[in-house]
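Numbered continuously in full-length UniProt numbering, the sequence shown closes out at residue 505. Glycine included, each C-beta is placed from N, C-alpha and C at the ideal position. The structure displayed is predicted, hence computed values, not measured ones. Since the structure comes first, as structure tokens, the remarks are kept for the end.
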Amino acid sequence: MGQACSTSECGGLSDEVPRESHAAVPVSPIFGTPWVERRGPSKSTLTPALSVNFPMKCVRVMTFMEFDVMPSYGQLLAKDLLVEPSDNATVHFISHEWLSRMHPDPDSNQLRRMQGVFLEILAGRFEKLFSPDDWMTFSKGASIGSQRSEFAAAESAQRCSDTITEDTFKQDIEEGLIWLDWSSIPQVLEVSEDRVEQTLKDQLAAIHSIGAYLDRSSYFWILAPKALHKDQKTLRDFSTYRTRAWCRLEEWANLLSSSSMMPLVVTEAPRRITGHQGRNHHDLTLLRIAALTGNDPIVREVLEGRRKGEPWLVDKMGLTAFTGDQPFSYMGSAATTRLFLETGDIGKEQIDGYNTWGAANIHMFSEYGSTETVRLLLANDAEVDLPKRQGSAYAGRTALLCAALRSQFECCEILIRHGASVHARDAHGATVLHMAALEPLCLVGNQDPNAKMTTVRLLLEAEADPSVRNDAGHTAAELLALASGHSAGELWLALCTPDPLMHIN
1 MGQACSTSEC
11 GGLSDEVPRE
21 SHAAVPVSPI
31 FGTPWVERRG
41 PSKSTLTPAL
51 SVNFPMKCVR
61 VMTFMEFDVM
71 PSYGQLLAKD
81 LLVEPSDNAT
91 VHFISHEWLS
101 RMHPDPDSNQ
111 LRRMQGVFLE
121 ILAGRFEKLF
131 SPDDWMTFSK
141 GASIGSQRSE
151 FAAAESAQRC
161 SDTITEDTFK
171 QDIEEGLIWL
181 DWSSIPQVLE
191 VSEDRVEQTL
201 KDQLAAIHSI
211 GAYLDRSSYF
221 WILAPKALHK
231 DQKTLRDFST
241 YRTRAWCRLE
251 EWANLLSSSS
261 MMPLVVTEAP
271 RRITGHQGRN
281 HHDLTLLRIA
291 ALTGNDPIVR
301 EVLEGRRKGE
311 PWLVDKMGLT
321 AFTGDQPFSY
331 MGSAATTRLF
341 LETGDIGKEQ
351 IDGYNTWGAA
361 NIHMFSEYGS
371 TETVRLLLAN
381 DAEVDLPKRQ
391 GSAYAGRTAL
401 LCAALRSQFE
411 CCEILIRHGA
421 SVHARDAHGA
431 TVLHMAALEP
441 LCLVGNQDPN
451 AKMTTVRLLL
461 EAEADPSVRN
471 DAGHTAAELL
481 ALASGHSAGE
491 LWLALCTPDP
501 LMHIN
């Protein structure tokens, strides 16, 4: 909403650095589940219900509208204003960044902004909050490109009757409940010393229930107007909201819930997007937004309306829609990449161009296992051994090192076939085998239990040298033992013996 915007104007998630510059939540989920707005609790039976370890405590919207200061859990409990939602109640989940250590909204900036948005809805002034296109996307509950799997199609069909009208939206505000961390989770700050231990247990139980709370919610609001942090005296807004671990926890819990909700981002900035060449208040063009969200029909339409040879628009970081900070590799859409390349105006400078974090598209598509897109980039003269930019995080890593880190053996095979060096080293002297020996918490896009062994086998057959030491003096086998605690097993033997292939054939 230019004041409260649906995320059709917003961008996506960052590459590999846990912070954002100026981006917002994507209009469709990263993993293909359609955004569907829900009225009342989810009726989906496709995924099991999450456990609630602490009761979901809410305050009525109309009670919330009367507050002058955002009240705490203890204050609401003392006044008997907390309620648990009934089966048919509408719950508005509000996610926000705290503006001081002792109180999340000490000057009531967030409270007044949210109250103002609710007042506009109750007064029927939807045009102040939504563009016609945004309202269509929000009210119908599904965006283009959302039907990417049988699971998504099944959930969408199951909830197709949940269309929102202006009247039902108003009713959901009038009769709805609000869940907000400060008001719904016990706070240690306000209890006596003898109750701290129990409050901490309750707090942890509530945090573990975030996923269940979101499964039970009907709307997901991101409350991020510009405001001054009282302690740090720094400006906070939607871009800083995206840097907070708690906020990201709530965002990802929504993304991974049984029926993801379209986030409604509440800011105070006016809408500034004006057609294909316009930008929104996050400096994103329509083309960039469409690419980020996997909206290939819009990407095609914008590119077809573009004059051959016309300079690409760049953002304030000097990045184009093709080389932005949040690559559309998260959508896994080779079709989006192909549309850009088919213009004939994506030269080598853009194909090998670095984003803010010093990574090019070939690095990210390789790391996230998008084999078709890696082939496309290489077919269009992408530099196979391009290192990540010097001075950046993970400087010197080539696409092969990125793929090896995530055990993306198919991407490794493609890169090696195109001449990628298995002897390349990053800024810390790590080789592809050092990368493969690491134990990432999540092998994004590759959960095959044999993926690591398959990757190592491929690299060794390509004559990667397991005896090479990184700058810290460790071989890949030693790094494996340090990272996993194991100095035995087939993988370790393959990495630490003179004839490693004898252990993996």
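Give me the Cα-Cα distance between residue i and residue j, rounded to the nearest whole angstrom.
i, j, result
"L491", "L433", "11 Å"
"D231", "R101", "7 Å"
"S143", "A464", "Low confidence applies here, because S143 scores a pLDDT of 44, under 50, leaving its location unreliable; read the following figure in that light. Roughly 45 Å between the two C-alpha positions."
"L180", "S51", "19 Å"
"G429", "A403", "17 Å"
"T168", "R389", "51 Å"
"L119", "K170", "10 Å"
"T398", "L341", "22 Å"
"E367", "R469", "23 Å"
"L480", "K452", "11 Å"
"L458", "V422", "10 Å"
"residue 544", "S131", "The chain is shown from 1 up to 505; residue 544 falls before or after that span and cannot be answered."
"F126", "H92", "18 Å"
"P270", "D80", "Here the model assigns P270 a pLDDT of 43, short of 50, so the residue's position is not dependable, and the following value carries that caveat. When rounded, the distance between both Cα atoms is 38 Å."
"A206", "P186", "8 Å"
"G305", "T343", "11 Å"
"E478", "L495", "9 Å"
"L204", "P55", "12 Å"
"V299", "L129", "25 Å"
"G124", "P263", "20 Å"
"T454", "S407", "8 Å"
"W246", "H103", "15 Å"
"V117", "P106", "19 Å"
"E197", "L482", "35 Å"
"D471", "P449", "29 Å"
"residue 512", "M261", "Because the chain here runs from 1 to 505, residue 512 falls outside it and cannot be looked at."
"T165", "M136", "10 Å"
"D194", "N295", "55 Å"
"R244", "V314", "27 Å"
"F238", "T163", "28 Å"
"D345", "I289", "19 Å"
So, are the CB atoms of residue i and residue j less than 7 Å apart?
i, j, result
"A227", "L99", "yes"
"D352", "L386", "yes"
"S184", "K308", "no"
"A437", "A476", "yes"
"L200", "S257", "no"
"V83", "G176", "no"
"F64", "I178", "yes"
"N53", "H229", "no"
"residue 526", "S108", "Residue 526 lies beyond the range of the chain shown here (1 to 505); nothing can be said about it."
"R113", "P225", "yes"
Report the residue from the options whose alpha carbon sits nearest the alpha carbon of residue i.
i, options, result
"A89", "S218, Q203 and L378", "S218"
"L493", "L460, P85 and I178", "L460"
"L287", "V196, T336, V61 and A245", "T336"
"D172", "I121, A205 and R216", "I121"
"A212", "P85, A78, L458 and P104", "P85"
"L76", "G489, F238, T323 and W182", "W182"
"residue 520", "D80, E190 and Q115", "The question about residue 520 has no answer here: the residues shown for the chain are numbered 1 through 505."
"A420", "A462, L405, A395 and Q110", "A462"
"G396", "S239, P311 and Y354", "Y354"
"H474", "R244, T431, P71 and F238", "T431"
"T373", "E349, R338, G347 and I346", "R338"
"L319", "A359, M136 and K233", "A359"
"G74", "W312, S192 and E174", "S192"
"D87", "R216, E174 and D202", "R216"
Rounded to whole angstroms, how far is the Cβ of residue i from the Cβ of residue j, which I believe are closer than 8 Å?
i, j, result
"W221", "V266", "6 Å"
"E410", "G369", "7 Å"
"L223", "S95", "7 Å"
"H418", "V384", "5 Å"
"R236", "E97", "6 Å"
"L400", "L378", "At roughly 12 Å, the Cβ-Cβ gap does not stay under 8 Å, so L400 and L378 are not in contact."
"A393", "W357", "6 Å"
"M435", "L405", "4 Å"
"A321", "A291", "5 Å"
"T323", "N361", "7 Å"
"S72", "E190", "6 Å"
Determine whether the Cβ of residue i lies closer than 7 Å to any Cβ atom of chain C.
i, result
"G309", "Note that chain C does not occur in the displayed structure, where there is just one protein chain."
Practice task
For the stretch 174 to 224, list the alpha helix (DSSP H) runs that are entirely contained and at least 4 residues long, ordered along the chain.
Solution key: Those alpha helix (DSSP H) runs which fall completely within the stretch 174 to 224 and span 4+ residues are 181 to 184, 196 to 208 and 210 to 216.
Handout entry: Inside the stretch 48 to 97 only - beta strand (DSSP E) runs reaching at least 3 residues
Key = The qualifying runs are 91 to 96.
Problem - Length at least 4, wholly inside the stretch 337 to 402: the alpha helix (DSSP H) runs in chain order - result: For the stretch 337 to 402, whole alpha helix (DSSP H) runs of length 4 or above, ordered along the chain, are 348 to 351, 361 to 367 and 371 to 379.
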